[in-house]
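*Asks:* Below is the structure I would like to discuss, written out as structure tokens.
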Amino acid sequence: MVHKKILHGLDGSKGSFKALEESIELAKRYGAELHTVSVEEVPHYPGTVGEVIEAKHAANGKFGQAMQQARELAQKAGVELHCHVFTGHEVKTIIEFIKEKGFDLLVIGFMGHSALYDRVMGSTCHSLVRLAPCAVLVVK
Amino acid sequence: MLESPWLIAALWIGMALLASMISIRTAISVALIEIIVGAVAGNVIPWAGSLAGVQAKLETTPWINFLAGFGSILLTFLAGAEIEPDVLKKHWKPSLAIGFVSFLMPFLGAMAAAYYLLHWNAQASMIAGVALSTTSVAVVYAVMIETGLNKKDIGKLILASCFVTDLGTVLALGAMFANYNWWLVLFLGVSAVIMPFAPRLTRRFLQRYEGQVSEPEIKLLLFMLFILGGLGAAANSEAVLPAYILGLVVAGVLRDHKETVYHIRVAVFALLTPFYFLKAGALISANAIAQGAGVILLLLLVKVGAKFIGVYPTAKLFKMDHRISMYTTLLMSTGLTFGTISAMFGLTRNLIDSSQYSTLVVVVIASAVVPTLIAQKWFQPQHELVEENGNGA
Chain A
42 MVHKKILHGL DGSKGSFKAL EESIELAKRY GAELHTVSVE EVPHYPGTVG
92 EVIEAKHAAN GKFGQAMQQA RELAQKAGVE LHCHVFTGHE VKTIIEFIKE
142 KGFDLLVIGF MGHSALYDRV MGSTCHSLVR LAPCAVLVVK
Chain B
190 MLESPWLIAA LWIGMALLAS MISIRTAISV ALIEIIVGAV AGNVIPWAGS
240 LAGVQAKLET TPWINFLAGF GSILLTFLAG AEIEPDVLKK HWKPSLAIGF
290 VSFLMPFLGA MAAAYYLLHW NAQASMIAGV ALSTTSVAVV YAVMIETGLN
340 KKDIGKLILA SCFVTDLGTV LALGAMFANY NWWLVLFLGV SAVIMPFAPR
390 LTRRFLQRYE GQVSEPEIKL LLFMLFILGG LGAAANSEAV LPAYILGLVV
440 AGVLRDHKET VYHIRVAVFA LLTPFYFLKA GALISANAIA QGAGVILLLL
490 LVKVGAKFIG VYPTAKLFKM DHRISMYTTL LMSTGLTFGT ISAMFGLTRN
540 LIDSSQYSTL VVVVIASAVV PTLIAQKWFQ PQHELVEENG NGA
């Protein structure tokens with residue numbers, strides 16, 4: 042299967058950079074368009090507006106750095122990388138974005154939480170695999 | 190029983206630390222988690238003590254009460270200071286109308302339900318009315334940010350209306366239980382002098398001293414807050430009333446000084462609000478909740494129902510369609526910080542008892558969660574994904 046439009050999920054973790062390396066390789070091999078998406082999650086049910094503003098500010102800083110690093114990696118490999126940042130629920134936002142832009146492959150890093158955490162909170166990785174309307178590559 | 194203030198402080202800060210870690214991991218606000226952690230500790234420690242045959246409880250000391258009170262004053266000040274005066278000016282007519290009915294209907298509805306259906310006394314019923322009249326600006330703001338509606342007119346209008354509702358709440362809290370005596374006259378007089386000059390004075394301090402490590406501009410704000418709060422308290426009013434209004438009047442000035450606001454937030458979130466929210470949780474009685482589940486459901490329905498009676502037709506009157514009117518109504522049915530502040534006010538002044546306090550706080554928490562989930566699931570207005578600072582395609 043030839044992929045023409047690849048989306049990579051960037052959360053700044055080691056796993057997501059491992060997945061980015063894989064995405065860059067695939068984009069080169071298929072001559073595909075490569076995009077990366079980061080989603081800032083603000084706290085639910087906050088007690089103050091300030092809590093939301095500061096959480097967003099911290100996420101901006103974190104993703105700004107991660108995007109810069111991702112661009113450098115892509116540039117070294119000679120691949121153009123389009124970066125996108127949204128605010129919202131991670132899974133919902135990425136799925137909406139895939140549908141809106143018609144990506145044919147989603148590449149994400151495996152996030153190892155404890156079994157208890159996954160059972161109670163659910164895993165972003167599992168939810169994306171389950172809900173994505175395209176092929177999903179999970180890089181471990 | 191812990192004697193050492195350091196050990197008591199370690200216990201409380203330990204709980205705050207735990208709440209922060211859970212909050213980061215779950216993306217649920219630290220305020221809500223602190224209330225829950227406080228509630229668990231407040232109920233589990235005595236239970237564990239009774240199993241071990243010793244009398245044990247989560248210690249609240251005068252200095253913890255002070256820090257919690259200080260936290261609630263600064264929370265309210267920041268809530269007032271977070272308004273965008275231009276937005277309020279631009280949408281003043283609909284926001285005043287929607288915000289006012291959003292306060293009035295649940296205030297009257299919850300007060301009547303508490304008095305006639307639950308047979309609470311008049312003062313406890315008034316506290317119920319105030320605590321359940323609130324709207325959580327913060328919960329609404331988080332939803333707006335997630336949907337990008339904060340950048341659209343409808344989002345700005347809803348936020349401005351929420352500020353009006355909260356103003357109604359603090360005015361009611363400040364006015365209903367005050368002693369109408371000379372202290373009140375003095376409080377109003379000093380407020381009338383300080384409030385008009387506060388923006389100019391604050392701006393001047395910021396221009397001259399911002400960036401100094403000793404933070405004179407923050408001390409000036411605290412000085413004004415303490416004077417007004419102290420006089421308000423002497424009149425048996427509530428210190429959060431002048432705090433909210435002072436926040437409102439200096440909001441325009443602080444908007445251009447984000448660094449100062451950041452410094453205030455750091456101090457408040459790290460040192461003060463944990464004591465407030467943990468205490469708010471620690472005072473919840475699990476037994477009262479278990480026995481009062483029906484009352485909790487009734488008051489939640491009254492709060493949301495009264496918001497529907499008031500806000501929905503008003504929103505329609507301002508030509509919002511059904512979906513947006515429903516969305517606005519549900520978001521304005523949320524509550525958290527001001528609701529708990531009102532309930533705490535009632536408990537500390539013996540206007541309500543522990544079981545009534547527990548009921549009100551649980552209703553307030555439920556009102557932060559349930560209407561938000563319904564609004565986001567079924568009534569979210571159509572919106573496109575709004576990009577932040579990427580270099581997107």
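Those protein sequences? They're chains A and B, same order as listed. Counting from 42, one number per residue, gives the positions in the first sequence under my numbering. Counting from 190, one number per residue, gives the positions in the second sequence under my numbering. Virtual Cβ for every residue (Gly too), placed ideally from N, Cα, C.
Which value, in whole angstroms, describes the spacing of the CA atoms of F352/B and I65/A?
*Replies:* 48 angstroms
*Asks:* Just how far apart, CA to CA, sit A477/B and L191/B?
*Replies:* Using only the alpha carbons, I get a separation of about 26 angstroms.
*Asks:* I407/B and I453/B: beta carbons closer than 7 angstroms?
*Replies:* yes
*Asks:* Residues of the stretch 347-381 of chain B in Cβ contact with chain A at a cutoff of 8 angstroms, in chain order, please.
*Replies:* Residues passing the 8 angstroms Cβ filter: none.
*Asks:* Would you mind listing the alpha helix (DSSP H) stretches within the stretch 302-343 of chain B that are 4+ residues and don't spill past its ends, in chain order?
*Replies:* 311-320 and 326-336
*Asks:* How about T165/A: is its C-beta nearer than 7 angstroms to some C-beta of chain B?
*Replies:* No, its Cβ sits nowhere closer than 7 angstroms to a Cβ of chain B.
*Asks:* Can you tell me which residues form a DSSP beta bridge with V170/A?
*Replies:* Answer is none; V170/A lacks a bridge partner.
*Asks:* Where does the unbroken alpha helix (DSSP H) through A532/B begin, and where does it stop?
*Replies:* T526 to T537
*Asks:* Taking beta-carbon pairs under 7 angstroms, can you tell me which members of the stretch 271-303 of chain B lie near chain A?
*Replies:* E271
*Asks:* Using 10 angstroms around the beta-carbon of S57/A, count the other beta-carbons present and answer buried if the total reaches 16, otherwise exposed.
*Replies:* buried
*Asks:* Can you pull the chain A residues whose beta carbon is under 9 angstroms from the beta carbon of E448/B, in chain order?
*Replies:* None at all; the shortest Cβ gap to chain A is about 12 angstroms.
*Asks:* Could I get the ranges of all uninterrupted alpha helix (DSSP H) runs contained in the stretch 431-470 of chain B, with 4 residues as the minimum, in chain order?
*Replies:* 447-456
*Asks:* Three-state secondary structure (DSSP) at L51/A?
*Replies:* coil
*Asks:* Closest Cβ-Cβ distance between L196/B and chain A: below 7 angstroms?
*Replies:* no
*Asks:* Among the candidates E81/A, K97/A, F138/A and A118/A, whose CA atom is the shortest distance from the CA of K46/A?
*Replies:* F138/A
*Asks:* With respect to the beta strand (DSSP E) encompassing G150/A, which residues constitute its N-terminal and C-terminal limits?
*Replies:* L146 to G150
*Asks:* At the level of alpha carbons, what is the spacing between H511/B and A317/B?
*Replies:* 30 angstroms
*Asks:* Please return the same chain residues whose Cβ sits closer than 6 angstroms to the Cβ of F376/B, not counting the five positions on each side in sequence.
*Replies:* L420, G421 and A424
*Asks:* Under the DSSP definition of a beta bridge, which residues are partnered with L122/A?
*Replies:* L75/A
*Asks:* What did DSSP end up calling T523/B once you bin it into helix, strand or coil?
*Replies:* coil
*Asks:* Please list the partners that R589/B has in chain A, where partner means a Cβ-to-Cβ separation under 7 angstroms.
*Replies:* Any answer about residue 589/B is impossible in this case: the structure gives chain B only from 190 up to 582.
*Asks:* Assuming P87/A contacts A331/B (C-beta within less than 8 angstroms), just tell me the rounded distance between them.
*Replies:* 5 angstroms
*Asks:* Select from N232/B, Y433/B and I253/B the residue whose C-alpha is nearest the C-alpha of A244/B.
*Replies:* The displayed chain sequence assigns Gln, not Ala, to residue 244/B. Nearest option by C-alpha distance: N232/B.
*Asks:* What's the C-alpha gap between K97/A and H308/B?
*Replies:* 45 angstroms
*Asks:* Can you tell me whether V455/B is buried or exposed? The criterion is at least 16 other CB atoms within 10 Å of its CB, across all chains shown.
*Replies:* exposed
*Asks:* Flag this pair as touching only if the stretch 372-388 of chain B and the stretch 434-441 of chain B have three or more C-beta atom pairs under 8 angstroms; answer yes or no.
*Replies:* yes
*Asks:* Check whether the stretch 460-467 of chain B touches the stretch 202-212 of chain B, taking contact to mean three or more Cβ pairs, one atom from each stretch, closer than 8 angstroms.
*Replies:* Yes, they touch.
*Asks:* Assuming S544/B and L489/B form a contact by the criterion Cβ under 8 angstroms, report the distance between their Cβ atoms to the nearest whole angstrom.
*Replies:* Between L489/B and S544/B the Cβ distance is about 16 angstroms, and since that is not below 8 angstroms, they are no contact.
*Asks:* Along the alpha helix (DSSP H) that carries L145/B, what are the first and last residues, could you check?
*Replies:* The structure shown does not extend to residue 145/B, since chain B is modelled only from 190 to 582, so the question has no answer here.
*Asks:* Can you list, in chain order, the residues of its chain whose CB lies under 6 angstroms from that of G357/B, leaving out five sequence neighbours each side?
*Replies:* Excluding positions up to five away in sequence, the list reads F292.
*Asks:* Please confirm whether F151/A and V179/A have their CB atoms less than 7 angstroms apart.
*Replies:* yes
*Asks:* Is there contact between the stretch 479-488 of chain B and the stretch 514-534 of chain B, where contact requires at least three CB pairs shorter than 8 angstroms?
*Replies:* no
*Asks:* Against L467/B, what residues of chain A qualify as contacts under a CB-to-CB distance less than 8 angstroms, listed in chain order?
*Replies:* Near L467/B there are no residues of chain A at all, since even the closest Cβ is about 12 angstroms away, more than 8 angstroms.
*Asks:* Among all the DSSP beta bridges, which residues are the ones paired with F127/A?
*Replies:* Partner(s): V80/A.
*Asks:* Based on the DSSP secondary-structure assignment, which residues constitute the bridge partners of H85/A?
*Replies:* For H85/A, which the question treats as bridged, DSSP gives the partners I217/B.
*Asks:* Does the Cβ-Cβ distance between L520/B and V319/B come in under 7 angstroms?
*Replies:* Not a contact, by the Cβ cut-off of 7 angstroms.
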